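Sequence lines, in order, name chains A, B and C. Per the working numbering, the first sequence runs over residues 1 to 295. Per the working numbering, the second sequence runs over residues 296 to 590. Per the working numbering, the third sequence runs over residues 591 to 844. We put the CB at the ideal spot given by N, CA and C, even for glycine. Because the structure is a prediction, the values reported are computed rather than measured.
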Amino acid sequence: MGEALAGFWDTYQSTVGYVGLNALLALSVYTSLSCGQLALGSSGFAALGAYAAALLTVQAHWPFPLVLLVALILPAAVAVPLGLPALRLHGVFLAIATIAFGEVVRIGLVNWDYVHGAQGIVAIPQEASVWMIWLALLLALLLLSRLRGSRWGFALEAVREDEPAARTLGIATTRYKLAMLVAGAALAGLAGALEAHFTFMVAPSGFTFGRVVEMLVFAVVGGTQRAWGPVLGAAFLTVLPEALREVAPRVGLEPGPLRLMVNGLVLLAVILFLPAGLASLPQRLRERRAAGRGA
Amino acid sequence: MQQVINGLFLGSIYALFALGYTLVFGVLDILNLAHAAVFMLASFAALVLVTRLHLPILLALPLAMLFAGLLGMVLERVAFRPLRARGDSNVAGLISSLAVATVFEAVALEVWGPNVERFPFGTLPAEDPAHQLHLLGAVISRLQLTIMGVAVVLVLLLTYLVRRTRLGREVRAVAESPRAARVLGVDVDRVIAASFFISSALGGAAGVLYGLAFNSISPDMGRSVELKGLAVIIVGGMGSMPGAVIAGFALGLTEVLVVAHLGGSYRDAVSFAGLFLILVLRPRGLLGAASLREA
Amino acid sequence: MSALRLEAVERTFGGVRAVDGASFAVGPGEVHGLIGPNGAGKTSVLNLVSGLLAPTAGRILLEGRPVHGLPPHRVAALGVARTFQNIRLFPELSARDNVVVGQHLRRRGASLAARLLALPSSRAEERAAREAAGALLGRVGLSERADEEARHLSYGEQRRVEIARALASDPRLLLLDEPTAGMNPGEVGAVATLIRGAAEGGRSVLLVEHNVRLVMEVCDRITVLDFGKVIAEGAPAEVARDPAVVAAYLGATP
Chain A
1 MGEALAGFWD
11 TYQSTVGYVG
21 LNALLALSVY
31 TSLSCGQLAL
41 GSSGFAALGA
51 YAAALLTVQA
61 HWPFPLVLLV
71 ALILPAAVAV
81 PLGLPALRLH
91 GVFLAIATIA
101 FGEVVRIGLV
111 NWDYVHGAQG
121 IVAIPQEASV
131 WMIWLALLLA
141 LLLLSRLRGS
151 RWGFALEAVR
161 EDEPAARTLG
171 IATTRYKLAM
181 LVAGAALAGL
191 AGALEAHFTF
201 MVAPSGFTFG
211 RVVEMLVFAV
221 VGGTQRAWGP
231 VLGAAFLTVL
241 PEALREVAPR
251 VGLEPGPLRL
261 MVNGLVLLAV
271 ILFLPAGLAS
281 LPQRLRERRA
291 AGRGA
Chain B
296 MQQVINGLFL
306 GSIYALFALG
316 YTLVFGVLDI
326 LNLAHAAVFM
336 LASFAALVLV
346 TRLHLPILLA
356 LPLAMLFAGL
366 LGMVLERVAF
376 RPLRARGDSN
386 VAGLISSLAV
396 ATVFEAVALE
406 VWGPNVERFP
416 FGTLPAEDPA
426 HQLHLLGAVI
436 SRLQLTIMGV
446 AVVLVLLLTY
456 LVRRTRLGRE
466 VRAVAESPRA
476 ARVLGVDVDR
486 VIAASFFISS
496 ALGGAAGVLY
506 GLAFNSISPD
516 MGRSVELKGL
526 AVIIVGGMGS
536 MPGAVIAGFA
546 LGLTEVLVVA
556 HLGGSYRDAV
566 SFAGLFLILV
576 LRPRGLLGAA
586 SLREA
Chain C
591 MSALRLEAVE
601 RTFGGVRAVD
611 GASFAVGPGE
621 VHGLIGPNGA
631 GKTSVLNLVS
641 GLLAPTAGRI
651 LLEGRPVHGL
661 PPHRVAALGV
671 ARTFQNIRLF
681 PELSARDNVV
691 VGQHLRRRGA
701 SLAARLLALP
711 SSRAEERAAR
721 EAAGALLGRV
731 GLSERADEEA
741 RHLSYGEQRR
751 VEIARALASD
761 PRLLLLDEPT
771 AGMNPGEVGA
781 VATLIRGAAE
791 GGRSVLLVEH
801 NVRLVMEVCD
811 RITVLDFGKV
821 IAEGAPAEVA
831 RDPAVVAAYL
841 GATP
């Protein structure tokens, strides 16, 4: 039994690591979604954290905890001057502005010779273990979930539901939106740094528009009502393709396209039929059953 | 001057693509993120028509446009219509269209693989130096002329459609207020379906022309154009058709000039930084009609 | 000193003067009615006072302090709360949670450390907030429906929750925008009692209403608007007799 577990772990530990990383990234988008803001700058923030961390480790040989601290703080600091003008925008306009930010960061990195442009930085020592990733994730989850029921948490929900009404109740909405953007930036930066030290490399190609869209998909599929929704979404959509990798040849399809297709179909199904995400499934089933009985 | 011609040439394709984007946004207040995927699939469709059925390109283009238009109607039916009753239909529609775009991309990947395809030699009549157009010291190739010509014709057709026909009036009415239009007896569902058909047909045309212009068709060709199209319609003003056209040409010119004077890699960064600035300073864009729809 | 004073306030939209040189005052502890035909600018006045709009001219003073041009959350922090003509509850939150949001300005919240470690003090604070919200809902007669999602409540119930939410911050000035629209006479009576109760203890109420009988009953003074201008101000009985007011409502030229 012990041997089977050890074998399982050997094969799948990297997947577990990726689930953790994707969950952190999904949470970085969730923080803004929780107050109704579609801010998609996480790929840019993750890139900042990842590259800063990689440089500090490889060039300056800083101790890892300090590196992680910088990866948290740098993107958070950048998020402030970015957020102040950007958060005046709503809906798709905010999304586009933040996407533009992410692209500017990525293109800047592609063109920066010091970090080897498109090739990126390689041979980063593996300082981040699966345990570390999940510890970070659990801490983030703890912090975010403790917001519920607090003055802060209620303010966030109010901003999400109806921002002008929230303002008439004395809630300084810009402050809360900015705080959540900064928190998301910190999480993304942390995830980027951890990923760099887990996969031994960073490259601009890991921080595309497609990547942040993926994070959004994790959050939406999992559900954005509670902090553990995005984690569930990330787990589901990271594990599913791995499972499908086995299935693909039997169905006569390439694994790559099959994974994309399943992602798309799951997302479509969720947005059409289960808009509050997979996390809301138990509640929905309970309501169905209650309605069936009561009707 | 050559740069100007090249810029206008590129810009005509961007303008065509952006027109489709802005048409749907003007009517439904929704960003159709599957527009780029339709763009890509139409290009493949034209390729198939030319290589398998040996149709001349002049016939393949309208057929590909038809195919794209139909795809657009399917998209509307599956991804947008079910969401119309919901309050959050804008963001949900965004995500829904993203899901369908993913599926479309997956299909293309499965059928054609990730590699770049090309139109077979002889699709377009060969360049004949004796018959090229010379204008103020610049050379306009047949290819460029054809593509610009088609683009201009389509833009004019669309303008005529919107200004002079009954359908055009109904589209404008629905864009103004779906509720009022319905009261006035307009079949709103039909108008929306028609808008999607037209929008996607234009996007499809842009796709075919793009594929011809660069002689390169691949499942991810929509990626870069997608973001640029977004930039164009924002700068031009979302919902504004003349804005989309002008901004499309402007982007084409800017890109060519930036490449010529600053070097290729920063081209996109300039567009995105500019996009961010416009969003923050003048979200209405140059000619924007859409307000930011605050609560 | 008046709780609220408008001095020659003007608000233009495009070419339209929604509010045109309006001046009136609301005294401390006074229930002040704001009436007028449709489109007279009443809701615009409330939007101006609550900070959702800034006046294009004129001044708005809250207990002598200028508040025109301040953002809504700052005006709210100075002691103003409001309800909305087309009800703006947070639809997916329960009635109780809506009221808890209303407590934002009064709620201190537990310390960050207590919160993160889920110490009993933070849980006690949460419980206290929820109970206070429940008590307020009781005042408006909705205790049993406290945990229903706001969007599942009836129209009349939603209006009452909105009032409770507005009272939750213990405002000095309460702005009510047609709180009895769509209510039956019984519910209207309950709201009248609520309004009178709210004004006890020095709180002022500015009440925009179409229900003229209610206005006559509860208000100490009334201001009448027409086309954005103040055409009458005074005690209910006087205003009711004013020929300009009668003309405005009946549409006859004076």
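Report yes if the CB atom of residue i is closer than 7 Å to the CB atom of residue j, and no otherwise.
i                      : j                      : result
residue 442 of chain B : residue 504 of chain B : yes
residue 828 of chain C : residue 799 of chain C : no
residue 552 of chain B : residue 500 of chain B : no
residue 616 of chain C : residue 594 of chain C : yes
residue 202 of chain A : residue 196 of chain A : yes
residue 233 of chain A : residue 222 of chain A : yes
residue 820 of chain C : residue 813 of chain C : yes
residue 313 of chain B : residue 528 of chain B : yes
residue 570 of chain B : residue 100 of chain A : yes
residue 70 of chain A  : residue 54 of chain A  : no
residue 144 of chain A : residue 227 of chain A : yes
residue 681 of chain C : residue 740 of chain C : yes
residue 671 of chain C : residue 761 of chain C : yes
Using the Cα positions of residue i and residue j, report the straight-line distance between them to the nearest angstrom.
i                      : j                      : result
residue 136 of chain A : residue 396 of chain B : 33 Å
residue 588 of chain B : residue 92 of chain A  : Here the model assigns residue 588 of chain B a pLDDT of 32, short of 50, so the residue's position is not dependable, and the following value carries that caveat. Going from the Cα of residue 588 of chain B to the Cα of residue 92 of chain A covers about 11 Å.
residue 65 of chain A  : residue 127 of chain A : 10 Å
residue 590 of chain B : residue 641 of chain C : In this predicted model, residue 590 of chain B has a pLDDT of only 24, less than 50, meaning its place in the structure is not dependable enough to derive any value.
residue 694 of chain C : residue 770 of chain C : 25 Å
residue 237 of chain A : residue 15 of chain A  : 11 Å
residue 61 of chain A  : residue 74 of chain A  : 18 Å
residue 352 of chain B : residue 439 of chain B : 15 Å
residue 455 of chain B : residue 628 of chain C : 41 Å
residue 734 of chain C : residue 726 of chain C : 12 Å
residue 815 of chain C : residue 562 of chain B : 58 Å
residue 231 of chain A : residue 750 of chain C : 38 Å
residue 474 of chain B : residue 204 of chain A : 46 Å
residue 752 of chain C : residue 174 of chain A : 23 Å
residue 619 of chain C : residue 612 of chain C : 22 Å
residue 781 of chain C : residue 764 of chain C : 14 Å
residue 775 of chain C : residue 673 of chain C : 20 Å
residue 746 of chain C : residue 784 of chain C : 14 Å
residue 170 of chain A : residue 385 of chain B : 27 Å
residue 464 of chain B : residue 392 of chain B : 26 Å
residue 584 of chain B : residue 544 of chain B : For residue 584 of chain B, the predicted model reports a pLDDT of 48, less than 50, meaning its position is unreliable; a value from the coordinates is still stated below. Their backbone Cα atoms lie some 19 Å apart in a straight line.
residue 130 of chain A : residue 38 of chain A  : 29 Å
residue 677 of chain C : residue 624 of chain C : 18 Å
residue 118 of chain A : residue 246 of chain A : 32 Å
residue 34 of chain A  : residue 679 of chain C : 18 Å
residue 647 of chain C : residue 638 of chain C : 11 Å
residue 121 of chain A : residue 110 of chain A : 11 Å
residue 254 of chain A : residue 264 of chain A : 16 Å
Throw me the rounded Cβ distance for the residue i and residue j pair, which I believe falls under 8 Å.
i                      : j                      : result
residue 72 of chain A  : residue 149 of chain A : That belief does not hold up - the Cβ atoms of residue 72 of chain A and residue 149 of chain A are roughly 26 Å apart, past 8 Å.
residue 496 of chain B : residue 331 of chain B : Between residue 331 of chain B and residue 496 of chain B the Cβ distance is about 15 Å, and since that is not below 8 Å, they are no contact.
residue 394 of chain B : residue 297 of chain B : About 43 Å separates the two Cβ atoms, so there is no contact after all.
residue 564 of chain B : residue 107 of chain A : 4 Å
residue 517 of chain B : residue 414 of chain B : Not a contact, Cβ separation roughly 17 Å.
residue 178 of chain A : residue 87 of chain A  : 6 Å
residue 609 of chain C : residue 824 of chain C : Not confirmed; about 20 Å, so no contact.
residue 410 of chain B : residue 511 of chain B : With 8 Å as the limit, residue 410 of chain B and residue 511 of chain B do not qualify as a contact, their Cβ atoms being about 10 Å apart.
Relative to the ligand HEM, is the shortest distance from any of its heavy atoms to the C-beta of residue i smaller than 6 Å?
i                      : result
residue 561 of chain B : Although the ligand HEM was asked about, the structure shown includes no ligands whatsoever.
The segment 257–275 of chain A / the segment 394–414 of chain B touching (three or more Cβ pairs under 8 Å): At 8 Å Cβ cutoff, the stretches touch.
Those runs of the beta strand (DSSP E) which lie wholly inside the segment 593–626 of chain C and span at least 3 residues: As for any beta strand (DSSP E) of minimum length 3 sitting wholly inside the segment 593–626 of chain C, the runs are 594–603, 606–616, 621–625, ordered along the chain.
Any alpha helix (DSSP H) of 4 or more consecutive residues that is wholly inside the segment 167–239 of chain A: 173–199, 209–222
Touching by the beta-carbon criterion (3+ pairs, under 8 Å), the segment 300–309 of chain B and the segment 477–486 of chain B: no
Entirely enclosed alpha helix (DSSP H) segments - the segment 660–697 of chain C, minimum 4 residues: With a minimum length of 4 residues, the continuous alpha helix (DSSP H) runs that stay inside the segment 660–697 of chain C are 662–667, 685–692.
Contact the segment 176–189 of chain A vs the segment 15–28 of chain A: 3+ CB pairs below 8 Å: yes
The segment 314–326 of chain B / the segment 532–542 of chain B touching (three or more Cβ pairs under 8 Å): Because the criterion of three Cβ pairs below 8 Å is met, the segment 314–326 of chain B and the segment 532–542 of chain B touch.
The segment 39–49 of chain A in contact with the segment 75–88 of chain A per 3-pair CB rule at 8 Å: yes
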